[in-house]
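First to last, the protein sequences are chains A and B. So for the first sequence, my numbering puts the first residue at 1105; every next one is plus one. So for the second sequence, my numbering puts the first residue at 682; every next one is plus one.
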Amino acid sequence: MIGINLDYLANMEHIVIIGNGIAGITCARHIRKNSDAKITVISAESDYFFSRTALMYVYMGHMKWNHLKPYEDWFWEKNRIDLKKAWVDTIDFEGKTLHFSSEETMSYDKLVLATGSVYNKFGWEGQDLEGVQGLVSKQDLELLEKNTQTCQKAVIIGGGLIGVELAEMLNTRNIEVTFLIREEAFWHNVLPIQDAKLISKHIRSHGVDLREETELDRIIGNQDGKVTSIITNSGEEIECQLVGLCTGVRPNIDFLADSALETDKGILVDEFLQTNIKDVFAIGDCAQVKQPLPHRKPIEAVWYAGRMMGETLAQTLTGNTMKYKPGNWFNSAKFFDIEYQTYGNVSAQPGDNEMHFHWQHKDNTKAITIAFDANSNKFLGINTFGIRMRHAIFDQWLNENRKIDHVLANLKQANFDPEFYTQHEKEIFKSFKENLQKV
Amino acid sequence: MSKIEHNMSLTPEAATKLSTRQKLASGIGLVGLFILVLAIANVNFPNKPLFLSLSLGLIALGTVIFANDLYLGKHAGIKNDGVWFKSLSGRGFWAWVLGIVLTLFYVVLYWFPQYLGLNADGQNTGIISLFDPLSKLISGNPASQWFVYGTLYTLAILAFGYKFILKYRNNRYEVIRTFSVMFFQLGFAFLIPEILIRLNQPYYNPANIWPLNYDLFTDYKINEFLSAGNVGVIMLVFGLISIFVITPILTYKYGKRWYCSWVCGCGGLAETAGDPYRQLSDKSQHAWKIERWVIHSVLVFVTVMTIAVLYSFLGDSANDFWLTKDAFLWGTAGFLTLLFAVIMIFKRKELAKDAKYGAIGYLVVILSIICINYFSGNGNIFFFGGYQLREWYGFLIGAAFSGVIGVGFYPIFGSRVWCRYGCPMAAILGMQQRLFSRFRITTNGGQCISCGNCSTYCEMGIDVRAYAQKGENIVRSSCVGCGICSAVCPRGVLKLENDDMEGRINSEEVLLGNDVNLMDLVNQKSK
Chain A
1105 MIGINLDYLA NMEHIVIIGN GIAGITCARH IRKNSDAKIT VISAESDYFF SRTALMYVYM
1165 GHMKWNHLKP YEDWFWEKNR IDLKKAWVDT IDFEGKTLHF SSEETMSYDK LVLATGSVYN
1225 KFGWEGQDLE GVQGLVSKQD LELLEKNTQT CQKAVIIGGG LIGVELAEML NTRNIEVTFL
1285 IREEAFWHNV LPIQDAKLIS KHIRSHGVDL REETELDRII GNQDGKVTSI ITNSGEEIEC
1345 QLVGLCTGVR PNIDFLADSA LETDKGILVD EFLQTNIKDV FAIGDCAQVK QPLPHRKPIE
1405 AVWYAGRMMG ETLAQTLTGN TMKYKPGNWF NSAKFFDIEY QTYGNVSAQP GDNEMHFHWQ
1465 HKDNTKAITI AFDANSNKFL GINTFGIRMR HAIFDQWLNE NRKIDHVLAN LKQANFDPEF
1525 YTQHEKEIFK SFKENLQKV
Chain B
682 MSKIEHNMSL TPEAATKLST RQKLASGIGL VGLFILVLAI ANVNFPNKPL FLSLSLGLIA
742 LGTVIFANDL YLGKHAGIKN DGVWFKSLSG RGFWAWVLGI VLTLFYVVLY WFPQYLGLNA
802 DGQNTGIISL FDPLSKLISG NPASQWFVYG TLYTLAILAF GYKFILKYRN NRYEVIRTFS
862 VMFFQLGFAF LIPEILIRLN QPYYNPANIW PLNYDLFTDY KINEFLSAGN VGVIMLVFGL
922 ISIFVITPIL TYKYGKRWYC SWVCGCGGLA ETAGDPYRQL SDKSQHAWKI ERWVIHSVLV
982 FVTVMTIAVL YSFLGDSAND FWLTKDAFLW GTAGFLTLLF AVIMIFKRKE LAKDAKYGAI
1042 GYLVVILSII CINYFSGNGN IFFFGGYQLR EWYGFLIGAA FSGVIGVGFY PIFGSRVWCR
1102 YGCPMAAILG MQQRLFSRFR ITTNGGQCIS CGNCSTYCEM GIDVRAYAQK GENIVRSSCV
1162 GCGICSAVCP RGVLKLENDD MEGRINSEEV LLGNDVNLMD LVNQKSK
């Protein structure tokens, strides 16, 4: 065949994805695998997809910006995924048209909203001073670089994953960090108390001034509009030139306010990730699932959920309608030197029906907490610190409804540490038996 | 473009500043180096044993103090803070200075040893004479430029090996592996050959296997072995067994890492002295394409060269020696054809299109060279004599590629340029690792966050992340199994393993935690 069949091109469906994060990009890639539709991905943040989870490594000098890009720049053209750098001001859902800040417009046949998160600001006095910021976007990282050029002391508000990352980042630049967290130990809203205490201890061992059960009252600035100190809820003043706002994120949907799109905290979607408007879908951090599965939350602002939603929606958009049905919960993080993985569900505050078995190594860098059903002994989930575990094995055990005895007796199978590492399964097993006898 | 994308101007002081103790340690090491420089400048030190010990001792001491200050008293863990901000490891000014100095050193070492004090007749002078006492102590002979080089090389592996062990002390795989390369360098590569000389035996390093050791089957070496009686024959036979028996067995069981990052001297230097430069390797797909053609061409070159040299060495008549020219030539042709046939019959499904074309092309080249020679009857292979070919190989590959480019350019192109693009031994081991080995790097379900630490710190330029983020295992011929990708992974996604061949290469997308039906569907479509 010579030339291009123009009729075909003209009739080609145009799928537009707003947001080039993991959700949007995964969706685009999987659409391309299954269809020839015209795909456009819009982002104002960066020219190319990058790994948001790795922003910290650029600041710490482990990597350069280019290393953050999981695909080489030629990949997009080769796979006919058009990238557009633009800011969407408003969406005309009736006319299926996007209006950009540049006053350009773009029409779509199907629209995928994957606009991600922004960090929370809770209306603190001084929250807009210079030197007060969160860390979510590429622009936040650039701002942090600028804000820390002459910074000596920093205060981080909020004990979550971004907070501890920011503490680690600032530590590499020899900036003194005071870390305020609301809970009685680090991330105790997610981790059971022993786990949370282990991490608290580890954070302190890196020279971070961790203040538990302490909240921000207000931020003080000078006449230049720069932050100079903060006041805690107990009235203490802490001098600083940087305030890191790390009290969680929320869906980035402000530009959709007053539209016909149904939203709550996020964009409300059904089990097919479809919004209330036909041909408009939402995935990733910005999506709020109306009726989540029993073991999942309505909004899951994690890499893995974004990826799975992108894969699922791509099927629906290419003619293979599919419900979003994520499997067993899993997640991971790293707290300074301690790696964390979790499979299944381990409650921070277990009720009467959930029992926890906790083991901790004497060097304070390794621990596991296993949750099981108090009545049936069914294995519910595991938190593991400093010991790598196999995802496949735990996924299987969870699917097979194994009991805790089975998990502990076979824990060695699940070990994923590098070769020659000291293994602790025997010690863990013994500790479990002894604890049972005590009870 | 934003600052972050071109952050050359941003060099955070805190992350790159040396402590007082580190400055002092650098000073101590530089004094040791300065003694060597003076020796090169023909300063004739009075008490050579003293000044040599002082020089080597100060270099070692400086490195040890520096490493202690850098790593001890801090948490065990990943220590890559500021790698890209530092001039030396981030391809800055000092990296170029070091690269040029190293390159010049290699040029002088290979082609102008007289400037180091090697005198054709008469005693050594300059830096080589400084090493005479040590050489006499070990082998009984005066030093040569190669003894000087070998000593400094071994010192580098030991001193920087110590630093590496402290840096990765949280990781027992890295610690044990580094002890191994230090042991093989000091014992096998440095001491054993020199001691053999003292005992009037041929110079022989059992761990230096053909084709990396391209001289092993040349006439002068074979004559040396044969005239050394039983010991020599054992060495020759061990050389053959190494490449044809030991290597395939160990590579099957453990992957090529048993050699490349546990035994080999080139690998040893790359893993220790070269560790600060591992992140400089090129990860692009383009570089991978070049790598495959260049490394396999070197393998063909060394094969043809060795055949040619052996061919001219052997006699025509079966009365002199059971292996005649003809029998050898056709035996080799038969062996290579058989090897090719076995791979094509049993493993063709695992080969990409260009790999197949490459393999066919190379086989045709080798066989036609053999035929041209045979039917022209001029006693040469490829129009040149075997020795001419060997000379060219020695110059182009042995010296220019592995030395000047391979090590001289550490601070610019990374530490494994030779191993990745050039080493024919790595090519053979790699082919086997890809097709017939239990080794793989396992990806842990769906845990990858695409952060890119693994790819960045892969010294072989493998885009590890490309596999990990799809849930695929990494089975690549170039992987030397250094284990750093697994070490730097912040989420516990990668593990080096020896396991069944079955299911080793899972080209399916198996992202766990996902809807099972969805994954089945994705994989059906991709088939």
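Even for Gly, the Cβ is constructed at its ideal location relative to N, Cα and C.
Going by C-alpha positions, residue 1173/B is about 8 Å away from residue 1445/A. Assigned with DSSP and collapsed to three states, residue 828/B falls in helix. Short of 7 Å from the beta carbon of residue 1082/B, and not among the five residues preceding or following it, lie these beta carbons of its own chain, in chain order: 1099 and 1103. The Cβ atoms of residue 1152/B and residue 1120/B lie no closer than 9 Å to each other.
Shown here for residue 1391/A: same chain residues with a beta carbon closer than 6 Å to its own, the five before and five after excluded, namely 1370, 1371 and 1373 in chain order. In terms of beta-carbon proximity, residue 1116/A stays away from the interface with chain B, with every pair separated by 9 Å or more. Chain A places a beta carbon closer than 9 Å to that of residue 854/B, counting this residue as a contact. In the DSSP assignment, residue 767/B falls outside any alpha helix (DSSP H), carrying neither H nor E. The beta carbons of residue 1138/B and residue 1169/B sit about 5 Å from each other, so the pair counts as a contact at 8 Å. For secondary structure counted as the alpha helix (DSSP H) over 4 or more consecutive residues, the region 925 to 996 of chain B holds these complete runs in sequence order: 928 to 935, 938 to 941, 946 to 953 and 966 to 994. Between residue 1160/B and residue 1146/B, the CB-CB gap reaches or exceeds 9 Å.
Listed in chain order, the beta strand (DSSP E) runs fully inside the region 1243 to 1320 of chain A are 1257 to 1261, 1280 to 1284 and 1313 to 1315, counting runs of at least 3 residues. The Cβ atoms of residue 985/B and residue 895/B do not sit closer than 9 Å to each other. For residue 1395/A, no alpha helix (DSSP H) segment is defined, and its DSSP state is neither H nor E. Chain-ordered listing is empty here: chain B has no CB closer than 9 Å to the CB of residue 1366/A, the nearest sitting near 25 Å. Within the same chain, 866 and 870 come within 6 Å of residue 946/B by CB-CB distance, once the 5 residues on both sides are set aside.
Three or more beta-carbon pairs drawn from the region 1117 to 1128 of chain A and the region 1215 to 1230 of chain A are found closer than 8 Å, and the two stretches are therefore classed as touching. Between the beta-carbon of residue 723/B and that of residue 806/B there is about 6 Å, and that keeps the pair under the 8 Å contact cut. Taking a C-beta distance under 9 Å as the contact criterion, residue 1285/A and residue 1311/A do not qualify as a contact pair.
The residue from 1524/A, 1408/A, 1331/A and 1333/A with its alpha-carbon nearest to that of residue 1130/A is 1408/A. In this model, residue 1527/A and residue 1456/A are separated by some 32 Å (Cα to Cα). Around the beta-carbon of residue 1464/A, 16 or more other beta-carbon atoms lie within 10 Å, marking it buried. The distance from the Cβ of residue 1443/A to that of residue 1492/A is about 7 Å, consistent with a contact at the 8 Å cut-off.
Residue 1360/A sits buried, since 16 or more C-beta atoms from the chains shown fall within 10 Å of its C-beta. For residue 941/B, the nearest beta carbon of chain A is not closer than 9 Å to its own beta carbon. With a cutoff of 9 Å on beta-carbon distance, residue 1319/A and residue 1293/A are scored as not near each other. Beta-bridge analysis with DSSP links residue 1475/A to 1460/A and 1485/A.
Only those residues of the region 1495 to 1524 of chain A whose C-beta falls short of 7 Å from the nearest C-beta of chain B are listed: 1495, 1496, 1499, 1520, 1522, 1523 and 1524. In terms of Cβ geometry, residue 1186/A and residue 1142/A form a close pair [threshold 9 Å].
Residues 1512 of the same chain have their beta carbon placed closer than 6 Å to that of residue 1533/A, with the five preceding and five following residues left out of the count. The residues 869, 870, 873 and 874, in chain order, have a CB closer than 7 Å to that of residue 886/B in the same chain once the five nearest residues on each side in sequence are set aside. In the DSSP annotation of this structure, residue 700/B is not part of any alpha helix (DSSP H), being labelled neither H nor E.
In the three-state reduction of the DSSP assignment, residue 1436/A falls in the strand class, which pools E and B. Annotation: residue 1148/A to residue 1240/A spans about 14 Å, alpha carbon to alpha carbon. Spanning the alpha carbons of residue 937/B and residue 1156/B requires a straight line of approximately 11 Å. Contact note: residue 1149/A does not reach chain B at a C-beta cutoff of 7 Å; the least C-beta distance is about 11 Å.
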